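Visitor:
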Amino acid sequence: MSIAQNRDIAIAFSKYQRARNAAGIWLDYRRSLFHKRVIINHFPPALMIEPTNICNLHCPLCPSGNNSLKRPRGMLSIQSFRTIVDEVYRKVGMLIMWNQGEPFLNPDCISMLRYASSKELYTMISTNASLNLDAKAIVQSGLNKIIISMDGITETTYNQYRVNGNYNLVLENMKALVKARRDLHYGNPQLIWQFIVMKQNEHEIAQVKQMAKEVGVDKLEFKSVQIYTEDDLVFLPSDHRMSRYIAEGKHFELKTRLLNRCRRLWTQPVINWDGELCICCYDKDLQFNIGIVSEHSFKSLWQGSAMNEIRGQILQDRSKYEICRNCGEGIVQKLQV
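With our numbering as the guide, the letters of the sequence shown map in order to residues 1250 to 1586.
This is how it looks when you write it as C-alpha cells:
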C-alpha cells in the first residue's frame, strides 16, 4: 500500500468504534483458529456491496460476462444502500463497491459513493471502465481508490479477453481521471491499473510498465488469472511463475495447500444487489443461503446460525466446499514482475 492509502485507511478506522471493532474481530478469528470453534462477537472491518451483477462485457472467465451466472440480475437501489450503510458504518471502516457486474452501470453508483464518503468510510471500486465515465464526478465523490481493469496494451490483445470492450475508451477514461484529479487538486482516488496476466498478454509486461508511467496512474498491479474448467487452461500464461495453478495435461490445482481457515468469513462478507448476504465473493451463485438484510438485521445474519455453521465446517474441513477448493484465500494473487 502507498503512504497515502495507509493514511486514508488509518483515518477511516480512527472514527467511531471501528478500530476497536477491527481489533476485536481479528481476535475472534485467531481464537476461533486456536480453539477450532466459531467465536464471532464483532462486525467485519470491511464489507463488499454489489451495485449490480449486470455487465457490459462478455469476458470468457467471468460468470456475469459469460452468462453462466444463475441468480437474477438487477440493480441495488440507493435506498437499500443507505439502509445498509446506516446499520454498519459505526463499526465497519471499509466499503468495497463491487462483486459481479460493472458497478458504474448502476445509475446511482456515484450517489452511493458520496453517501459512503459522508459517513467517513474508506471506499474502493473496481471497473472495466469501458463505458462513459464522469471523471470529475468520480473524483469529487470522495472515492478513495479505483481499480481499472485493462489487460492489454493494444486493442487486439485487450479484446481477446475483454470481449465487447472498447480499448480506446478505457484508455481515455484512465487519462481523464488522472487529469480531473490534477485539475481539481485532489489527492484521491488512488488510481490502480490492474493487468491480469494471461497467455495472450504475458509478452506485454515490460511495455505496459512504461505505458502506465506515461498515462500517470499511481500503481500498476499484475494479477494471476482464475480458471474454472479444463477449457480455461488456454488462458494460463506459459511462464508458470505467473500462474496460481499447477497444470499437467487437463488437470490443474492451486499451488498452495488448502488450510482449514478463511479470514473472509470473519472479515469481508458480501451483500448482493438484492440484499442477500453472501459468505464471500467466491460464492458467485449464492450456494449458501444466509438471508436478506432487509428482512433481518445485518448483525443477526452475520452472527447467526447459517453463517456459523459454514464457519465451523471451514475450521474442520474446508475442502468440503467446492468453491473453497478454487479460492484465492491464502494465495498471493498479485504478481511481482
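By construction, the Cβ of each residue, glycine as well, lies at the ideal position given by its N, Cα and C atoms. Since we're looking at a predicted model, the values are computed, not measured.
Give the secondary structure of Gln1545 by DSSP, where H, G and I count as helix, E and B as strand, and everything else as coil.
Guide: Here the sequence assigns His to residue 1545, which means Gln is not the residue at that position. Correct three-state label for His1545: coil.
Visitor: Just reading off the beta strand (DSSP E) that Leu1440 is part of, what are its end residues?
Guide: Where Leu1440 is concerned, the enclosing beta strand (DSSP E) stretches over Gln1439 to Val1446.
Visitor: Leaving out five residues on either side along the sequence, give the residues of the same chain with a beta carbon under 6 Å from the beta carbon of Lys1394.
Guide: Around Lys1394: Met1373, Pro1438 and Gln1439.
Visitor: If we ignore side chains and look at the alpha-carbon of each, how far apart do Glu1525 and Ile1539 end up?
Guide: Distance between the alpha carbons of Glu1525 and Ile1539: 7 Å.
Visitor: Would you mind giving the Cβ-Cβ distance between Met1297 and Ile1345, rounded to the nearest angstrom? I have them listed as a contact below 8 Å.
Guide: Correct: roughly 4 Å between the Cβ atoms.
Visitor: Grab me the residues of Arg1574's own chain with a C-beta within less than 7 Å of its C-beta, minus the 5 sequence neighbours each way, in chain order.
Guide: Excluding residues within five positions, the ones whose Cβ falls inside 7 Å are Leu1507 and Ser1568.
Visitor: Along the chain, which unbroken stretches of the alpha helix (DSSP H) at least 4 residues long are found entirely within the stretch 1325 to 1382?
Guide: With a minimum length of 4 residues, the continuous alpha helix (DSSP H) runs that stay inside the stretch 1325 to 1382 are 1327 to 1337 and 1358 to 1367.
Visitor: From Ser1326 to Lys1499, what does the alpha carbon distance come to, in whole angstroms?
Guide: Spanning the two alpha carbons is a distance of roughly 43 Å.
Visitor: How would you write the range of the beta strand (DSSP E) that Leu1469 sits in, first residue to last?
Guide: Looking at the DSSP string, the run of the beta strand (DSSP E) that includes Leu1469 is Lys1468 to Ser1473.
Visitor: Less than 8 Å between the beta carbons of Gln1582 and Arg1493, yes or no?
Guide: Yes, these two residues count as a Cβ contact at 8 Å.
Visitor: If you measure from the beta carbon of Pro1438 to each beta carbon in chain C, is any gap under 8 Å?
Guide: Here there is only one protein chain, and chain C is not present.
Visitor: Is the beta carbon of Asp1534 closer than 8 Å to that of Arg1320?
Guide: Their beta carbons are under 8 Å apart, which means Arg1320 touches Asp1534 by this criterion.
Visitor: Using CA coordinates, which residue listed in Arg1490, Thr1406, Gly1577 and Cys1304 is at the minimum distance from Asn1377?
Guide: Of the listed residues, the one whose Cα sits closest to Asn1377 is Cys1304.
Visitor: Taking Gly1342 and Glu1299 to be in contact with their CB atoms under 8 Å, please state how far apart those CB atoms are, rounded to whole angstroms.
Guide: The Cβ separation is near 19 Å, so there is no contact.
Visitor: Go to Met1556, then tell me how far its alpha helix (DSSP H) extends in each direction, as first and last residue.
Guide: Looking at the DSSP string, the run of the alpha helix (DSSP H) that includes Met1556 is Ser1554 to Asp1566.
Visitor: Suppose you measure from the CA of Leu1433 to the CA of Gly1391; what does that come to, to the nearest Å?
Guide: The straight-line gap from Cα to Cα measures roughly 12 Å.
Visitor: Whole angstroms is fine: what's the gap from Ile1559's alpha carbon to Ala1272's?
Guide: Roughly 22 Å between the two C-alpha positions.
Visitor: Considering only DSSP beta bridges, list what Thr1301 is partnered with.
Guide: In DSSP, Thr1301 forms a bridge with Met1324.
Visitor: Quick check: Phe1547 and Glu1369, are their CB atoms within less than 8 Å of each other?
Guide: Contact: no.
Visitor: Could you give the residue range of the beta strand (DSSP E) that holds Leu1503?
Guide: Its beta strand (DSSP E) spans residues His1500 to Leu1503.
Visitor: Which residues in the same chain as Asn1290 place their Cβ atom closer than 6 Å to its Cβ, once the five residues preceding and following it in sequence are excluded?
Guide: Correct list, in chain order: Asp1277.
Visitor: With distance defined between alpha-carbon atoms, name the residue in Ile1441, Cys1530, Ser1263 and Ala1384 nearest to Lys1340.
Guide: Checking every option, the nearest Cα to that of Lys1340 belongs to Ser1263.
Visitor: Which runs of the beta strand (DSSP E) fall wholly inside the stretch 1273 to 1318 and span at least 3 residues, in chain order?
Guide: Taking only runs of at least 3 residues, the beta strand (DSSP E) segments lying wholly in the stretch 1273 to 1318 are 1295 to 1298.
Visitor: Since Glu1497 is in the beta strand (DSSP E), which residue starts that stretch and which ends it?
Guide: Element bounds for Glu1497: Tyr1494 to Glu1497.
Visitor: Cα-Cα, which of Glu1571, Trp1522, Trp1515 and Gln1585 is closest to Val1287?
Guide: Nearest of Glu1571, Trp1522, Trp1515 and Gln1585 to Val1287, Cα basis: Trp1515.
Visitor: What does the alpha-carbon distance come out to for the pair Ala1261 and Arg1363?
Guide: Spanning the two alpha carbons is a distance of roughly 15 Å.
Visitor: Is it the case that the Cβ atoms of Ile1402 and Glu1470 are separated by a distance below 8 Å?
Guide: Against a cut-off of 8 Å, the Cβ pair of Glu1470 and Ile1402 comes out as no contact.
Visitor: Assign Lys1394 to one of three DSSP states: helix, strand, or coil.
Guide: If DSSP states are grouped into helix, strand and coil, Lys1394 belongs with the strands.
Visitor: Using 10 angstroms around the beta-carbon of Pro1294, count the other beta-carbons present and answer buried if the total reaches 16, otherwise exposed.
Guide: When all chains shown are included, Pro1294 counts as buried.
Visitor: Go ahead and pull the three-state DSSP assignment for Val1412.
Guide: Correct three-state label for Val1412: coil.
Visitor: Quick check: the Cα distance between Asp1488 and Glu1502, rounded to an integer number of angstroms?
Guide: Distance between the alpha carbons of Asp1488 and Glu1502 is about 16 Å.
Visitor: Looking only at its chain, what residues have a beta carbon closer than 8 Å to the beta carbon of Val1427, apart from the 5 residues adjacent to it on each side?
Guide: Same-chain partners within the cutoff: Leu1440, Val1464, Gly1465 and Val1466.
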